[in-house]
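*Asks:* Pasting in a structure now, in C-alpha cells, and then I'll have a few things to ask.
There are 2 protein chains.
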Amino acid sequence: MRIVQKYGGTSVGSIERIRHIAGLVAAARADGAHQLVVVVSAMGGETNRLLNLARELTPTPASREMDALVATGEQVSAALLAIELNRLGIPAYSFTGSQAGFFTDGPHSRARIRRIESSHLQRRLDRGEVPVVTGFQGVDDDGNITTLGRGGSDTSAVALAVALQADRCDIYTDVDGIFTTDPRVVPEARKLTHICYEEMLELASLGAKVLQTRSVELAMRYRMPVCLRSSFTDGAGTLVTEEESAMERAAVTGIAFHRDEAKITVRGIPDHPGIASNVLGPIAEAEINVDVIVQNVSEQGFTDMTFTVSHEDYTTTMALMRELQPSLGAREVLGDTGIGKVSLVGVGMRSHAGVARKMFETLANNDVNIQMITTSEIKITVVVEEAVIDRAVQALHAAFHLEQEG
Amino acid sequence: MRIVQKYGGTSVGSIERIRHIAGLVAAARADGAHQLVVVVSAMGGETNRLLNLARELTPTPASREMDALVATGEQVSAALLAIELNRLGIPAYSFTGSQAGFFTDGPHSRARIRRIESSHLQRRLDRGEVPVVTGFQGVDDDGNITTLGRGGSDTSAVALAVALQADRCDIYTDVDGIFTTDPRVVPEARKLTHICYEEMLELASLGAKVLQTRSVELAMRYRMPVCLRSSFTDGAGTLVTEEESAMERAAVTGIAFHRDEAKITVRGIPDHPGIASNVLGPIAEAEINVDVIVQNVSEQGFTDMTFTVSHEDYTTTMALMRELQPSLGAREVLGDTGIGKVSLVGVGMRSHAGVARKMFETLANNDVNIQMITTSEIKITVVVEEAVIDRAVQALHAAFHLEQEG
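And the structure:
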C-alpha cells in the first residue's frame, strides 16, 4: 500500500501539532501503509508572518523573491516533522519542492506543476524511508523557486500521488470530511463517506473550502482516490473517487451555498449578436470572476443581462459597467449586494427526474423568492436574497432527506 | 571593480536594517562597484528561533534536517534584501547555497566548501544584476542541504570572491574594524587601516572575534583582499591583505587577550618518549581544543606538562586527566581556572630584535607575574593570572606606543 498524506497549515500549526502528526504517520505505517510520503504546508501563520515582513518593505515586492521567501515556510515544517519522525525511529528525510523534483511553469506565485521527476523519492520509498515533501512549491527550468498559489499544497500532494502511482492521497485538514451541507446551518447535516469527483468539484467551487478545485480536477483526470479527513479527530473521513455506477444513488448528494455575492443587471441593451462578449469581455480582462449569468429578452429588440460577482469585486465591476453603458446603448445598470446562492449537487440527478421541480416547490412553500436560476447536469443553482439562505438550505436538506444515508 | 559584500546577522537584523543595507549596496554601485555580489547571514535571532523549535522536539535532532531547517534563515534575509533592492530599482535576485552552486562535502552542520559552480552568477554579473546569496550553506553531491558551521558565512563570502575573481571581499559587521587592542580595556586603542593575513589569523584565533579563522585562511591562500567594516557607521574599516614588504613597519601591530582560560598541570611524569601524545591524545579524541602547551623537565627522570583549555572544557579535561594519571604514572594533576593569556602580534617582530625582552620587562615593572610563555614567529603569548590581564594589556599598549600610527 503506497499512500501520500498531506497535512495543512493548522495540522502542523505548532510543535505539539507536529508531534501529533508524527504519531499519525507512525500509526499509518504500522497500519499497512508500508510506503508513505508526507506533504506538508507551512505552519499556520508562518506564511502571513513572511508576507508581512516583505510588505513592511514595499506593497509590491518582486514576485520571484516573494516565492523564495514564502517557500521557506514549508521547508521549516518539513524539517521539523522529519526531525520528530527520526526521533520516533522512522527514517524520514525532508525535501524542498526543488529537491523532490517538482518542475513548474507559469508566473511566480501562480506556477503550475509541469512534471515531477520522482525517481529520487521512488528510491527512498523502495528503501522504506519516509520522504517529507514541502507542498505548494517547485522550481522552474532556470532553477528559480516557484510557488503554486492558492490550493497549491493539495495540488502538490495529488500530483505526487499520481507521479508515484500511489494507491491513495489522504488530505488531512481541520474538518472531518464533506458534509451534506454546513452543520452550522443544518445541525442534522451528515458526513458523507463517499463522493465522486464531479460532485466534489461542484461543492468546492460553491464554497465548500475543504479541497481546492485545482487538486480535485487533477485527481479526477488521473482517477486518484482522495480521502479527506481530520488530523484533529479520528474517523474515516470522506473518500473522493470515481462515480460508482453500480450503486443505487440518491438524487441529491449535498447542498452548497454562498453568501457573499452581488448581482449586476444591465437593462435594455439593443439586441444583436455579441452582447454577451461586449458585456463580459471587459470584466474578464479586469480579472474579475463572473459566476451565474442569465440573459433574457426583455421587450421587442432589447435584452437584459444579469450576472453575479463576489462582494469584493462589486465596486470595480459596477464602475466598469457604468463606463460601458453608453457604448452598449443600455438603458440602465442596476446593482444588488444583498444576494447569495444555493445549489443542489448530485450525480444522481442525471437519472432522477423532478429534482428541479421539487426544489422550486420547496422554496416556494418556504417563502423563498428565486431571483435567478442556472442548471448543469449535476447541479441546480438559485440566486436568492441573502437573508433567506439559511431558511432555504434547511428546507431543502429536509425535503431531500439528506440527514439519512442515501 | 567587482566586489563581494557580506552582511552578518546584526547587519540584517530587522526590516529597518535591511533597508539600510540596501542603501549601502546602492551607494557601492554608484561608487564604482559595477559588479556586486551580496552574501547575507540570517536575521539576528532567527537561527536561534529555528534551533529552539527543533529542541522542543528533541535534544538530538537529525543533523540533515537541522541543516534544512536553519538554512531557511539566510533564504529569508536574502529574499527580503532582494525585494528591497528591486524596490530601489536595482535588478537583484536571491540565491540559496544550492542555487548559487556551493558544493560541499563533510558532515552536516560542519560541511566544507569543495567547489563553487559560479557560471550562473557570472552571467548575472555580466548583465549588471546583483546576486544576493545565502551565506553559511551549500549542497552536497546527493542534493542534500548542508551548512558550514561556525564562521561559515564569512567563509562563503571569501570563497565566492575567490571563485568570481573579485577585486575585494567586504565583510560588514557591527564593529568598525580591527583595533590595536580592545578599546574597552585601552581607550587609546587605534583602528588599524591595514593588517596582514598572518596577523589577522593570530588575532582571530586569540579572541578578536571579528573574522573567523577559517575565512582568513582561505583569503590568505588565494590572496583575496578582505575589508572589515561596519554596516552601522561610515569609515574605511581595516584592509586585510598580504604583508607589504616595502613598508617600514612597527614591531608590534596589536595586542590580543583572552580571559576564559583554564590551566592544567600534570606533575612528575616519568620522562620517556611519547609523553606529550599520551597526555594530549585522549584530549584531542574528546574533541577538546588545547591552546598553550609547555613541557619542562622538573627533576632527574621526571617531567611536568602544563596546558590550557577553555573554561567550558575545564571540568571534562580535569576528569580525563585524573583518569589517565595512574597509567601515566604522574605524581599529581593540578588545575587553575583563574588564568588568561595576553599576546603581542606583529609581522614586524621578525625584523625587530628585543620585542620579547621589552614585553617581559614591561610586565615585570607592572607587577604582572608570567606563568607560561610561548612564542611563534609573529607572536609572543604569556599566560597570566586573570585578574591582571587589563593591567598587562594597558601597560604593553603604552610601552609599544600602539596609540600612534606605526
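As given, the protein sequences belong to chains A and B, one line each in that order. Position 303 (the first sequence) corresponds to 345 in the working numbering; numbering is contiguous. Position 269 (the second sequence) corresponds to 311 in the working numbering; numbering is contiguous. C-beta: ideal position from N, C-alpha, C; glycine also.
The region 110-121 of chain A: which residues have C-beta closer than 9 Å to a C-beta of chain B, in chain order?
*Replies:* Residues of the region 110-121 of chain A whose Cβ lies closer than 9 Å to any Cβ of chain B, in chain order: A110, L111, V112, A113, T114, G115, Q117, V118, A120 and A121.
*Asks:* For my contact list, F299(B) and G382(B) are in at a C-beta cut-off of 8 Å; report their separation, rounded to the angstrom.
*Replies:* Working through the second sequence from its first residue, we reach residue 299(B) at position 257. Working through the second sequence from its first residue, we reach residue 382(B) at position 340. Indeed they touch by this definition, with Cβ atoms about 6 Å apart.
*Asks:* Under the three-state reduction of DSSP, which class applies to M266(B): helix, strand or coil?
*Replies:* If you number the second sequence from 1, residue 266(B) lands on position 224. Coil.
*Asks:* Select from Q179(A), I412(A), V435(A) and R433(A) the residue whose C-alpha is nearest the C-alpha of V426(A).
*Replies:* Looking up residue 426(A) in the first sequence gives position 384. Of the candidates Q179(A), I412(A), V435(A) and R433(A), the one whose C-alpha sits nearest the C-alpha of V426(A) is I412(A).
*Asks:* In this structure, what does DSSP give as the bridge partners for S272(B)?
*Replies:* Your numbering for residue 272(B) matches position 230 in the second sequence. S272(B) pairs with T215(B).
*Asks:* Measuring CB atoms only, is the region 116-126 of chain A touching the region 77-87 of chain A, in the sense that at least three cross pairs come out at less than 8 Å?
*Replies:* yes
*Asks:* Mind checking whether Q47(B) and L167(B) have CB atoms under 7 Å apart?
*Replies:* Here residue 47(B) refers to the residue found at position 5 when the second sequence is read from its first residue. Here residue 167(B) refers to the residue found at position 125 when the second sequence is read from its first residue. For Q47(B) and L167(B), no; Cβs fall outside 7 Å.
*Asks:* Starting from P133(B) and walking both ways along the alpha helix (DSSP H), at which residues does that stretch end?
*Replies:* Taking the first residue of the second sequence as 1, we reach residue 133(B) at position 91. Unbroken run through P133(B): none, as it is neither H nor E.
*Asks:* Would you check if there are 3 or more beta carbon pairs closer than 8 Å linking the region 43-61 of chain A to the region 205-225 of chain A?
*Replies:* yes
*Asks:* Compare the C-alpha of T197(B) against each of M266(B), R226(B), F221(B) and E171(B) and name the closest.
*Replies:* Numbered from 1 along the second sequence, position 155 holds the residue referred to as residue 197(B). Among M266(B), R226(B), F221(B) and E171(B), the Cα nearest to that of T197(B) belongs to M266(B).
*Asks:* Give me the chain B residues within the contact set of T100(A), using Cβ-Cβ distance strictly less than 7 Å, ordered along the chain.
*Replies:* In the first sequence, residue 100(A) corresponds to position 58, counting from 1. I125 and R129, listed in chain order.
*Asks:* Report the neighbours of S136(A) on chain B: residues whose CB is nearer than 7 Å to its CB, in chain order.
*Replies:* Translated into positions along the first sequence, residue 136(A) becomes position 94. Residues of chain B passing the Cβ test: E107 and A110.
*Asks:* Which one of L386(A), A261(A) and A326(A) has the shortest CA to CA distance from A205(A)?
*Replies:* Here residue 205(A) is taken as the residue at index 163 of the first sequence, counted from 1. Nearest Cα to A205(A) within the set L386(A), A261(A) and A326(A): A261(A).
*Asks:* Is the beta carbon of G180(B) closer than 7 Å to that of G139(B)?
*Replies:* Sequence index remark: in the second sequence, residue 139(B) carries index 97 (1-based). Sequence index remark: in the second sequence, residue 180(B) carries index 138 (1-based). Taking a C-beta distance under 7 Å as the contact criterion, G139(B) and G180(B) qualify as a contact pair.
*Asks:* Just tell me which of V321(A), E241(A), S257(A) and Q342(A) has its CA closest to the CA of G390(A).
*Replies:* Here the question's residue 390(A) lines up with position 348 in the first sequence. The option with the nearest alpha carbon to G390(A) is E241(A).
*Asks:* Using a Cβ cut-off of 7 Å, pull out every chain B residue sitting near Q367(A), in sequence order please.
*Replies:* Position 325 of the first sequence holds residue 367(A). Here the premise fails: no neighbours, minimum Cβ distance about 39 Å.
*Asks:* Quick one: which unbroken alpha helix (DSSP H) runs of 4-plus residues sit fully inside the region 313-345 of chain A? Chain order, please.
*Replies:* 317-327
*Asks:* Under a three-way DSSP split, which group does F178(B) fall into?
*Replies:* Looking up residue 178(B) in the second sequence gives position 136. When DSSP states are grouped into helix, strand and coil, F178(B) belongs to the coil group.
*Asks:* If you reduce the DSSP assignment to three classes, tell me which class E303(A) lands in.
*Replies:* Start at 1 with the first residue of the first sequence, and residue 303(A) comes out as number 261. Note: E303(A) maps to strand in three-state DSSP.
*Asks:* How would you write the range of the alpha helix (DSSP H) that R157(A) sits in, first residue to last?
*Replies:* Start at 1 with the first residue of the first sequence, and residue 157(A) comes out as number 115. Premise fails: R157(A) lies in the beta strand (DSSP E), R154 to I158, not in any alpha helix (DSSP H).
*Asks:* Grab me the residues of I60(A)'s own chain with a C-beta within less than 6 Å of its C-beta, minus the 5 sequence neighbours each way, in chain order.
*Replies:* Here residue 60(A) refers to the residue found at position 18 when the first sequence is read from its first residue. Here the set comprises V54, L122, L123 and E126.
*Asks:* Using the Cα positions of P173(B) and V118(B), report the straight-line distance between them to the nearest angstrom.
*Replies:* Translated into the one-based positions of the second sequence, residue 173(B) becomes position 131. Translated into the one-based positions of the second sequence, residue 118(B) becomes position 76. Rounded to the nearest angstrom, the two C-alpha atoms are 14 Å apart.
*Asks:* Can you tell me where the beta strand (DSSP E) holding L281(B) begins and where it ends?
*Replies:* If you number the second sequence from 1, residue 281(B) lands on position 239. Per DSSP, L281(B) belongs to the beta strand (DSSP E) from T280 to T283.
*Asks:* Considering only DSSP beta bridges, list what G371(B) is partnered with.
*Replies:* Your numbering for residue 371(B) matches position 329 in the second sequence. G371(B) is not bridged to any residue.
*Asks:* So what does Y356(A) bridge to, in DSSP terms?
*Replies:* One-based indexing of the first sequence puts residue 356(A) at position 314. For Y356(A), which the question treats as bridged, DSSP gives no partner whatsoever.
*Asks:* How far does the beta strand (DSSP E) with T417(B) in it reach, from first residue to last?
*Replies:* For the purposes of this step, residue 417(B) is taken as the residue at position 375 of the second sequence. I412 to S418 is the span of the beta strand (DSSP E), which, as asked, contains T417(B).
*Asks:* Answer yes or no: does any C-beta atom of chain B fall closer than 7 Å to that of P173(A)?
*Replies:* The residue you call residue 173(A) lines up with position 131 of the first sequence. Not closer than 7 Å to any Cβ of chain B, the Cβ of P173(A) fails to qualify, so no.
*Asks:* Could you tell me which of H150(A), F221(A) and S352(A) sits nearest to L190(A), measuring between CA atoms?
*Replies:* By 1-based counting over the first sequence, the position of residue 190(A) is 148. Comparing alpha-carbon positions, the option among H150(A), F221(A) and S352(A) lying closest to L190(A) turns out to be H150(A).
*Asks:* Identify the contact partners of Q141(B) in chain A, using a Cβ-Cβ distance below 7 Å as the criterion.
*Replies:* Walking along the second sequence from the start, residue 141(B) turns up at place 99. In chain order: G185.
*Asks:* Take the Cβ of Q141(A) as the centre, count every other Cβ of all protein chains shown within 10 Å, and call the residue buried at 16 or more, exposed below.
*Replies:* As a working note, residue 141(A) is residue 99 in the first sequence. By the 10 Å Cβ count, Q141(A) comes out buried.
*Asks:* If contact is defined by three or more beta carbon pairs under 8 Å, each pair taking one atom from either stretch, is the region 419-438 of chain A in contact with the region 298-314 of chain A?
*Replies:* yes
*Asks:* Can you have a look at Q254(B) and say buried or exposed, based on whether 16 or more other CB atoms are within 10 angstroms of its CB?
*Replies:* Along the second sequence, one-based indexing puts residue 254(B) at 212. Counting the other Cβ atoms within 10 Å of the Cβ of Q254(B) gives 16 or more, which makes it buried.
*Asks:* Quick test of the definition: if touching needs 3 or more C-beta pairs under 8 Å, does the region 414-426 of chain A touch the region 368-385 of chain A?
*Replies:* yes
*Asks:* Going by the CB atoms, is the gap between H439(A) and T223(A) shorter than 7 Å?
*Replies:* Here residue 223(A) is taken as the residue at index 181 of the first sequence, counted from 1. Here residue 439(A) is taken as the residue at index 397 of the first sequence, counted from 1. It is a contact, given that the beta carbons lie within the stated cut-off.
*Asks:* Whole angstroms is fine: what's the gap from N90(A)'s alpha carbon to G143(B)'s?
*Replies:* Position 48 of the first sequence, counted from the first residue, corresponds to residue 90(A). Position 101 of the second sequence, counted from the first residue, corresponds to residue 143(B). As the crow flies, the alpha-carbon of N90(A) is around 30 Å from that of G143(B).
*Asks:* Across which residues does DSSP place Y49(B) in a beta bridge pair?
*Replies:* Here residue 49(B) refers to the residue found at position 7 of the second sequence. Secondary-structure assignment with DSSP links Y49(B) through a beta bridge to V82(B) and Y214(B).
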